[in-house]
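Okay, structure first, notes after.
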Amino acid sequence: MSWFNARRRRPVAGYTALLLGLVVVGLLYGAFSRTGGTAQASAPAASQSDINTGQGLFEANCSSCHGLDAQGTTQGPGLIGAGAAAVDFQMSTGRMPAKEVGAENESKPSQFTAQQIYQIADYIASLGGGPAIPDSQQVSTSGADTALGEQLFSANCAQCHGFAGAGGALTYGKDAPALTAATPTQIYEAMLTGPEAMPVFADGAVSPSAKRDIIAYIVDTRVEPNAGGFSLGRTGPVTEGLVIFLGGMGFLVLIAMWITAKRRDPRPTGME
Amino acid sequence: MSDSEETEGSEGPVARRRVIGTPPPAPRLLGSTAVAEDGEAGQVSDETAGGEHSGGERPTSPPDEAHAKRMEKIVAACFIFAFIAGCGFIAAYVGLGVHTVDKTLRSNLALGTSLSVTFIALGLGALLWVRHLMPDVEVVEDRHELRSETKDREAFQEYFKEGASNSQFVKRPLVRRTLMLGTLPLIAAPLVLLRDMGPLPGTSLRHTVWSPGRRLLVYGTNQPITPAEFSGPGSAISIVPDGYQDDPDALTKASITLIKFRPGELDIPTTMNGSTLIATMNWTVDNIVAYSRICTHVGCPVGLYEQTTHHLLCPCHQSTFDASHGANVIFGPAARALPQLPMTVDAQGYLVAKSDYTQPVGPSFWERG
Chain A
251 MSWFNARRRR
261 PVAGYTALLL
271 GLVVVGLLYG
281 AFSRTGGTAQ
291 ASAPAASQSD
301 INTGQGLFEA
311 NCSSCHGLDA
321 QGTTQGPGLI
331 GAGAAAVDFQ
341 MSTGRMPAKE
351 VGAENESKPS
361 QFTAQQIYQI
371 ADYIASLGGG
381 PAIPDSQQVS
391 TSGADTALGE
401 QLFSANCAQC
411 HGFAGAGGAL
421 TYGKDAPALT
431 AATPTQIYEA
441 MLTGPEAMPV
451 FADGAVSPSA
461 KRDIIAYIVD
471 TRVEPNAGGF
481 SLGRTGPVTE
491 GLVIFLGGMG
501 FLVLIAMWIT
511 AKRRDPRPTG
521 ME
Chain B
-1 MSDSEETEGS
9 EGPVARRRVI
19 GTPPPAPRLL
29 GSTAVAEDGE
39 AGQVSDETAG
49 GEHSGGERPT
59 SPPDEAHAKR
69 MEKIVAACFI
79 FAFIAGCGFI
89 AAYVGLGVHT
99 VDKTLRSNLA
109 LGTSLSVTFI
119 ALGLGALLWV
129 RHLMPDVEVV
139 EDRHELRSET
149 KDREAFQEYF
159 KEGASNSQFV
169 KRPLVRRTLM
179 LGTLPLIAAP
189 LVLLRDMGPL
199 PGTSLRHTVW
209 SPGRRLLVYG
219 TNQPITPAEF
229 SGPGSAISIV
239 PDGYQDDPDA
249 LTKASITLIK
259 FRPGELDIPT
269 TMNGSTLIAT
279 MNWTVDNIVA
289 YSRICTHVGC
299 PVGLYEQTTH
309 HLLCPCHQST
319 FDASHGANVI
329 FGPAARALPQ
339 LPMTVDAQGY
349 LVAKSDYTQP
359 VGPSFWERG
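Just so you know, the sequences run in chain order A and B.
Numbered by our numbering, the letters in the first sequence go through residues 251 to 522 in order.
Numbered by our numbering, the letters in the second sequence go through residues -1 to 367 in order.
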C-alpha cells in the first residue's frame, strides 16, 4: 500500500489509470456485445392452419406497431406486400420484434422458433404476396462464380459492409452489420427486401444466380486465411501494427524523458 | 524563470517536485550561482545565459561515494553480461546450422536473442553510468566565429587563382568554351523530359463516354436493364456504359449509381448552371434516376446509399448528397451536386443515355470555370 501511495501522485499515474479504464471498458464491451444469426432450413409450404396460427402470433406480438391487419400505424410500416422474405429476415435475425424505437433495430437472438416465423411469414404473404423465402436450392453456393460475386459485392455492397463483409458505420447512429454470421438465406432475403437503410437488389437488377455468386463470395471470405488479431475487417494485422507503433512511440518517448530527466541533486545546505 | 526562482525563494529550502520533461530550475552547479546566491534571485538566468563559468566549482565526483561504488559494480555487471551474450552470438553463429527450416528458426532465435541481450545490456550499463556516476552538470560551450580568419581567406584566394591559372582555363578559351558547349545538352535534357508529362488534357475532362442511345449495363453481369426489371422501390445498383464495361479509364468518369424511388419521393428541381441545364425531372424514367458515381470533391466512388433517407454518401470524406433532390450536397466538402445523366428508354425498352452529362463530372479542375 505504501508502494501505491508513494506513486499515486506521480504524473504517470493519471495516464496509467486512464489506460486501465479504457482496457476495462473495452473488455466489458467485448463481453456484452455479440452478433446474432441462426441457421435454418427451408420454409415449408404454407397451409391454411399455418396462416391462422401465424395471424394469431402476429396479433399477439406485432400488431401493436404494424396494426391489427398489418396495415401499419404511426409506430410501424404496413406489411401488406412486404412478403415472407422480409418477415423471415427481420425475425430470424432478431431485429423484430423491435426492442425500442431507435436509429435502427439491432440484431439479437431470435424470440421465435423457425416454425413460428414461417407461420407469421405465411400470414403476411397471404395478405398481399411479396418476395418469398428462398429455398435451399436458391441459396446454395455450389458451382457459384465467386469471382463475379466479388465484383458485384465490391461494386454494390462493399461501400457499406466493407470489402470482406465486416460491416461499417452509416449516418445518424445507423450501421451496416457485419455479414460474418448471416446465413445464406438471410443474405438472400436482405438483398431481396432491402431491410432498413439497405437498398433493394431485386431479381431484375441482380439475378438469382448473381445473388448466389455474391453469397458465395461472402461465405468464401469467412474461410480465407486470416492473419488474426484485430484485423479491421480483413485488412490484416494493421491494428496491432498501429498499436505497436503508437504505443511503442509513446513508450520510447517516456524512456527518452526518463533518460534525460535529471537526478535530483542533494540541495546545498548553505543555500538561502 | 525568475518566476520559479521567486516561488522557491518564498518556500525556502523545501525541495519542489519537478514534473518529468519540464526544464530543470536554473542550474545551480555553474560557477555563476555563487553570484546569484549573493544577489537577487532574478539575476540567475541572465548570469547563466552568458555562459561564463569558472571550472573550479564543478564537482568531479558524485557526492555519495558508497552509492557510486555500488553503481559501478552494477554497470560493470551489465558490461560483463553484454560480453557473455556477445560471445553467445558468435557461438550461436558458428555452432548452429541453418540448412533446414527448423535449424534456421532455432539459429535465428539464438542469434536475435543473444544480439539483443548484448545491446540491451550495453545500453543499460551506459544509462546507469550516465545517471549515477557522471556528474550532473550543464556545460555551456561558446560558439566560435563562423568566418575564417582573414589570413586564411586570403591564402585560399591565392591558392585558387594559382590553380585556375596553372590549369590554363583562363588562357585557353577554346577549351573552356567547348567544355561549356559539351555540357549544354545535359543541362537542357531535363526540360525536354518534361514533355512526357503531356499531352494536354484538352476537353477530355468535360466529356465522358456516355452518348445518346448508349445502354446502361449492370456492373459485373453486364446486363442491360429495363425500368420494369429495376422496379423494386429503394433499389440501387452500380452501372457502367455499354461498350466500355472493361475500360477502367472510361469507367473512372462514366460510372453511375442508378436509384429507383417510390412514386412521389423524387423531386428534382430544374437546375441551371449559367445557360446549361444540369438537373431536371425530365431526365428520369419511371422514378429511376442516374447520378454520376464520381464524387465532385476528389473523385471517390459515391456508393453508399441509404434508401430510407435517400442519402448518397462518399466514403472518403463524408460528403452527403440528397438523391431525391438532384443529389444536392447536404453535408461535407463536396462543392457541387453529383451530375445527373439524362436518361430515356430505347426501342427495346432498355434504359439508355439521352446524351452525355451536361457538365463535367468529378472533382474541380483549373479550367473548369
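Cβ atoms here follow ideal geometry from the backbone N, Cα and C, with glycine treated the same way.
| said: Would A440 of chain A and F339 of chain A qualify as a contact pair, given that the criterion is a beta-carbon distance under 7 Å? | reply: Your numbering for residue 440 of chain A matches position 190 in the first sequence. Your numbering for residue 339 of chain A matches position 89 in the first sequence. Cβ distance < 7 Å, so A440 of chain A and F339 of chain A count as in contact.
| request: Quick one: grab the DSSP three-state call for L310 of chain B. | output: Residue 310 of chain B sits at position 312 when you count from the first residue of the second sequence. Looking at L310 of chain B - three-state DSSP - the assignment turns out to be strand.
| said: I want to see whether chain B comes within less than 7 Å of N302 of chain A, judged by CB atoms only; does it? | reply: On the first sequence, position 52 is the one that residue 302 of chain A refers to. So, not an interface residue.
| field | At least 3 beta-carbon pairs within less than 8 Å: the segment 366 to 383 of chain A vs the segment 325 to 343 of chain A | value | With the cut-off at 8 Å, the segment 366 to 383 of chain A and the segment 325 to 343 of chain A touch.
| Which word fits Y467 of chain A, buried or exposed, when buried means at least 16 other C-beta atoms lie within 10 angstroms of its C-beta? | Taking the first sequence and counting its residues from 1, the one referred to as residue 467 of chain A is at position 217. Y467 of chain A should be labelled buried.
| task | Can you give me, in chain order, the residues of the segment 410 to 441 of chain A that have a beta carbon less than 7 Å from any beta carbon in chain C? | result | No chain C appears in the structure shown, which is made up of the protein chains A and B.
| query | What's the C-alpha gap between D271 of chain A and L277 of chain A? | reply | Locating residue 271 of chain A in the first sequence gives position 21, counting from the first residue. Locating residue 277 of chain A in the first sequence gives position 27, counting from the first residue. Looking at the sequence itself, residue 271 of chain A is Gly, so the reference to Asp does not match. Put simply, the backbone Cα of G271 of chain A is about 10 Å away from that of L277 of chain A.
| task | Answer yes or no: do L215 of chain B and V238 of chain B have a C-beta to C-beta separation smaller than 7 Å? | result | Within the second sequence, numbered from 1, the residue matching residue 215 of chain B stands at position 217. Within the second sequence, numbered from 1, the residue matching residue 238 of chain B stands at position 240. Yes.
| task | Below 9 Å between beta carbons is the criterion; list the residues of the segment 239 to 258 of chain B that meet it against any residue of chain A, in chain order. | result | Answer in chain order: S253, L256, I257, K258.
| Is the segment 270 to 284 of chain B touching the segment 419 to 426 of chain A in the sense that three or more CB pairs, one from each, lie closer than 8 Å? | When Cβ pairs closer than 8 Å are counted between the two stretches, the segment 419 to 426 of chain A is seen not to touch the segment 270 to 284 of chain B, the count staying below three.
| query | Could you give the distance in angstroms between the alpha-carbon of V115 of chain B and the alpha-carbon of S165 of chain B? | reply | Here the question's residue 115 of chain B lines up with position 117 in the second sequence. Here the question's residue 165 of chain B lines up with position 167 in the second sequence. Cα to Cα, the separation comes out at about 58 Å.
| task | Can you have a look at G123 of chain B and say buried or exposed, based on whether 16 or more other CB atoms are within 10 angstroms of its CB? | result | The residue given as residue 123 of chain B occupies position 125 in the second sequence. By the neighbour-count rule (16 or more Cβ atoms within 10 Å), G123 of chain B is buried.
| field | Close beta carbons around E112 of chain B, own chain, < 7 Å, minus the five adjacent residues each side | value | Position 114 of the second sequence, counting from 1, holds the residue named residue 112 of chain B. According to the sequence displayed, residue 112 of chain B carries Ser and not Glu. The answer, listed in chain order, is A83, G86, F87, A90.
| Cutoff 7 Å: V450 of chain A Cβ touching any chain B Cβ | The residue given as residue 450 of chain A occupies position 200 in the first sequence. It does: the Cβ of V450 of chain A has a partner Cβ on chain B nearer than 7 Å.
| Taking the Cβ atom as the reference point for each residue, do E227 of chain B and S322 of chain B lie within a distance shorter than 7 Å? | Taking the first residue of the second sequence as position 1, residue 227 of chain B is located at position 229. Taking the first residue of the second sequence as position 1, residue 322 of chain B is located at position 324. Going by C-beta atoms, E227 of chain B is not nearer than 7 Å to S322 of chain B.
| message | Residues in the same chain with beta-carbon distance under 6 Å from A288 of chain B, minus the five sequence neighbours each way, listed in chain order, please. | response | Translated into positions along the second sequence, residue 288 of chain B becomes position 290. Taking C-beta separations shorter than 6 Å and ignoring five residues to either side along the sequence, the partners of A288 of chain B in its chain run I254, L256, L339, M341, following chain order.
| Is A335 of chain A helix, strand or coil by DSSP? | Residue numbering aside, residue 335 of chain A sits at position 85 when the first sequence is read from its first letter. In the structure shown, A335 of chain A sits in a helix (DSSP, three-state: H, G or I).
| request: Identify, in the order they occur along the chain, each residue of the same chain with its Cβ nearer than 8 Å to the Cβ of T396 of chain A, setting aside the five sequence neighbours on each side. | output: Numbered from 1 along the first sequence, position 146 holds the residue referred to as residue 396 of chain A. Taken in chain order, the residues that qualify are D463, A466, Y467, D470.
| Looking at the structure shown, is G418 of chain A part of a helix, part of a strand, or coil, going by DSSP? | The residue you call residue 418 of chain A lines up with position 168 of the first sequence. The three-state reading of DSSP puts G418 of chain A in strand, counting E and B together.
| If the cut is a Cβ gap below 8 Å, which residues of chain B does E446 of chain A touch? | The sequence position of residue 446 of chain A within the first sequence is 196, counting from 1. By Cβ distance, chain B contributes T306.
| field | Range of the contiguous alpha helix (DSSP H) that encloses I509 of chain A | value | Mapped onto the first sequence, residue 509 of chain A falls at position 259. For I509 of chain A, the uninterrupted alpha helix (DSSP H) segment begins and ends at 488 to 510.
| Rounded to a whole number of angstroms, what is the C-alpha to C-alpha distance between F329 of chain B and G180 of chain B? | Stepping through the second sequence from its first residue, residue 329 of chain B is reached at position 331. Stepping through the second sequence from its first residue, residue 180 of chain B is reached at position 182. When rounded, the distance between both Cα atoms is 60 Å.
| query | Less than 7 Å separating the beta-carbons of V73 of chain B and L126 of chain B? | reply | Start at 1 with the first residue of the second sequence, and residue 73 of chain B comes out as number 75. Start at 1 with the first residue of the second sequence, and residue 126 of chain B comes out as number 128. Contact: yes.
| field | DSSP-derived helix/strand/coil call for A408 of chain A | value | As a working mapping, residue 408 of chain A is identified with position 158 in the first sequence. DSSP places A408 of chain A in helix when its eight states are reduced to three.
| request: Compute the Euclidean distance between the alpha carbons of A511 of chain A and G491 of chain A, then round it to the nearest angstrom. | output: Within the first sequence, the letter at position 261 stands for residue 511 of chain A. Within the first sequence, the letter at position 241 stands for residue 491 of chain A. It is roughly 29 Å from the alpha-carbon of A511 of chain A to the alpha-carbon of G491 of chain A.
| request: Report yes or no: is there a C-beta of chain B within less than 7 Å of the C-beta of G454 of chain A? | output: Position 204 of the first sequence, counted from the start, is the residue given in the question as residue 454 of chain A. Cβ-Cβ to chain B under 7 Å: yes for G454 of chain A.
| request: Have a look at B:A80, B:A108, B:I78, B:S209 and flag the residue whose alpha-carbon is nearest the alpha-carbon of V92 of chain B. | output: Looking up residue 92 of chain B in the second sequence gives position 94. Closest option to V92 of chain B, Cα to Cα, is B:A108.
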